[in-house]
DNA sequence: AAATCACATTTATCTGATTTAAATTGCTTG
DNA sequence: CAAGCAATTTAAATCAGATAAATGTGATTT
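Chains as they are written, first to last, in the numbering used here: chain A, 1 to 247; chain B, 1 to 247.
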């Protein structure tokens, strides 16, 4: 049962291993996404249970959850098989987390931000049309946190995330709000990267432009302001690694 | 258990009820999304099993899958509870299907297309930059099917869907490709609606403009062409029911 | 060569007991 | 009376072992 796959980070986190089933979900999910089963045949239900030292019930429930997330598929006689990545649910929080646990990939970072450049400007435009006073207040609160962070009184990253999520919510479209996790994940990764490339501080003024456009009810301005924010990051990424250059 | 919510389409489809667990997943999932449990307390594991005439194992596995999709949450002593819609995974194929099974809502239709107007134009722009010959061939194939459909030799809806999905794929970004289901679902619903409002046939020429821009490597043109396609649908929806009009 | 049948393998399902987590209740104590 | 603490209780979590159903493989028959 050699479970010592590298660093000493055993305790998966807050409420992930809160019971055997979720612990197993996390372990197998990570293993699949990281690629441990590439080329190899996936163990049978009985083997999995033995390997992880749990009962078959626990195993089956973990496998069923991974099936629900699109990572596995099970059929009698054929066995349980890892599904191609095209059928993984990439917007699932767990899947996103596991994706980030494999080696840092600038490709993934770019794909994240290519998605953001579609979603967030449009969310901002929508917000400029339909946001309620409460919505705008949340956007404002995010911006204020960023200003405080600039003075070292708050966390730069977390306040940035709060701002972007507030805008998503202000679009009043549940599909946009759903990008909560993608955006915060992308931001966490992006900022680490952009900080490495050049010591860029989060541009509070540019964010304020987005807020102003939303509060002022100007969709086009909001779209453009948000787009420029994200385009900056994309440009930075393309600078580090232009178009189709191989890894 | 009055399940007679309209038309006589009882058999859920191809491989949904392929076994007890999936049948139960579908039944409970639909019930939750349709709102059968709003306000009511969710049954315990034992009650659920009895109600559906299956064992607790089957029940537990179905509940675990619904948990993985964000619809349920289970804790000892507290019981199993329906989660707020904000934590549902709206990009899950099953959840999308269940969403459409509740009464037709023009709000949902608008939200779908508000998402499309963000995703698809950007996917087209991306495709114009990075699509391979194969990708373009698939887009072309979709367009040709639409032309044949115009002459009554193919299905209008299915060829339209094929075109849009080919563009998503051509973006070479797995996150965009993931919108496969959302887009086809949205199209199926949109087209039924637009046909009802006015006898509009799918505008093959406008679609050809998208293809040309992608094949010609012109991102801005591709973005604009695709955007105008979807904006047309959005305008139609807003005409039927302007901005924030109630119910 | 095609159709059929028997078999082996793996998931699917059931049953019933045991364990663990966490609200609630009620008792004790300051 | 309020605060803290322990017993109770409820529901999920886990285990064990058996049986059923599905399905690919290969032998057998036609």
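C-beta atoms are modelled at their ideal positions from N, C-alpha and C, and glycine is treated no differently.
Supposed close pair residue i, residue j - CB separation, criterion 8 angstroms
| i | j | result |
| --- | --- | --- |
| residue 214 of chain A | residue 124 of chain A | 6 angstroms |
| residue 56 of chain A | residue 47 of chain A | At roughly 11 angstroms, the Cβ-Cβ gap does not stay under 8 angstroms, so residue 56 of chain A and residue 47 of chain A are not in contact. |
| residue 275 of chain A | residue 183 of chain A | Outside the modelled stretch of chain A, which goes from 1 to 247, sits residue 275 of chain A, for which no answer is possible. |
| residue 67 of chain A | residue 146 of chain B | About 35 angstroms; that fails the 8 angstroms criterion. |
Short Cβ contact (9 angstroms threshold) for residue i with residue j
| i | j | result |
| --- | --- | --- |
| residue 160 of chain A | residue 136 of chain A | no |
| residue 63 of chain B | residue 41 of chain B | no |
| residue 209 of chain A | residue 186 of chain A | no |
| residue 252 of chain B | residue 33 of chain B | Here chain B comprises residues numbered 1 to 247, so residue 252 of chain B is not present and cannot be evaluated. |
| residue 176 of chain B | residue 115 of chain B | no |
| residue 217 of chain A | residue 129 of chain A | yes |
| residue 89 of chain B | residue 178 of chain A | yes |
| residue 61 of chain A | residue 93 of chain A | no |
| residue 17 of chain A | residue 95 of chain A | no |
| residue 229 of chain A | residue 206 of chain A | yes |
| residue 119 of chain B | residue 119 of chain A | yes |
| residue 111 of chain B | residue 173 of chain A | yes |
Residue i beta carbon near the ligand GDP (any heavy atom closer than 8 angstroms)
| i | result |
| --- | --- |
| residue 60 of chain A | For the ligand GDP, the structure offers nothing, since it holds no ligand at all. |
Spatial distance of residue i from residue j (CA atoms)
| i | j | result |
| --- | --- | --- |
| residue 239 of chain B | residue 188 of chain A | 41 angstroms |
| residue 171 of chain B | residue 121 of chain B | 10 angstroms |
| residue 199 of chain B | residue 117 of chain B | Note that residue 199 of chain B scores 48 on pLDDT, short of 50, meaning its location in the model is unreliable; the coordinates nonetheless yield the value given after this. Between residue 199 of chain B and residue 117 of chain B, the C-alpha separation is close to 22 angstroms. |
| residue 169 of chain A | residue 141 of chain A | 13 angstroms |
| residue 234 of chain A | residue 36 of chain B | 45 angstroms |
| residue 83 of chain B | residue 49 of chain B | 20 angstroms |
| residue 152 of chain A | residue 144 of chain A | 12 angstroms |
| residue 156 of chain B | residue 223 of chain A | 33 angstroms |
| residue 19 of chain A | residue 27 of chain A | 12 angstroms |
| residue 103 of chain A | residue 51 of chain B | 47 angstroms |
| residue 237 of chain B | residue 23 of chain B | 35 angstroms |
| residue 107 of chain B | residue 193 of chain A | 39 angstroms |
| residue 87 of chain A | residue 180 of chain A | 21 angstroms |
| residue 300 of chain A | residue 163 of chain A | Residue numbering for chain A in the displayed model covers 1 to 247; residue 300 of chain A lies beyond these limits and cannot be assessed. |
| residue 58 of chain B | residue 85 of chain B | 25 angstroms |
| residue 73 of chain A | residue 148 of chain A | 49 angstroms |
| residue 101 of chain B | residue 219 of chain B | 37 angstroms |
| residue 97 of chain B | residue 154 of chain A | 43 angstroms |
| residue 158 of chain B | residue 71 of chain A | 27 angstroms |
| residue 255 of chain B | residue 31 of chain A | The question about residue 255 of chain B has no answer, for chain B in this structure spans 1 to 247. |
Alpha helix (DSSP H) runs contained entirely in the segment 166-245 of chain A, provided each spans 4 or more residues: 174-177, 180-197, 204-215 and 219-240
Would you list, in chain order, the members of the segment 110-125 of chain B that have their beta-carbon closer than 7 angstroms to a beta-carbon of chain A? 111, 114, 115, 117, 118, 119 and 122
Name, going along the chain, the residues of the segment 129-151 of chain A whose beta-carbon falls closer than 9 angstroms to a beta-carbon of chain B. Residues are counted here when their Cβ sits less than 9 angstroms from a Cβ of chain B; for the segment 129-151 of chain A these are 129 and 130, given in chain order.
Members of the segment 172-187 of chain B that neighbour chain A once the beta carbon cut-off is set at 8 angstroms: 173, 174, 175, 176, 177, 178 and 182
May I have a chain-ordered list of the alpha helix (DSSP H) segments no shorter than 4 residues that lie completely inside the segment 104-168 of chain A? 106-130 and 133-150
Counting only Cβ-Cβ distances shorter than 9 angstroms, please list the residues of the segment 89-103 of chain B near chain A, keeping chain order. 89, 90, 91, 92, 93 and 94
Quick one: complete beta strand (DSSP E) runs, 3+ long, within the segment 23-77 of chain A? 72-75
Interfacial residues, the segment 31-53 of chain A to chain B, with Cβ spacing under 8 angstroms: none
Within 8 angstroms of chain A by C-beta, residues of the segment 72-85 of chain B in sequence order: 85
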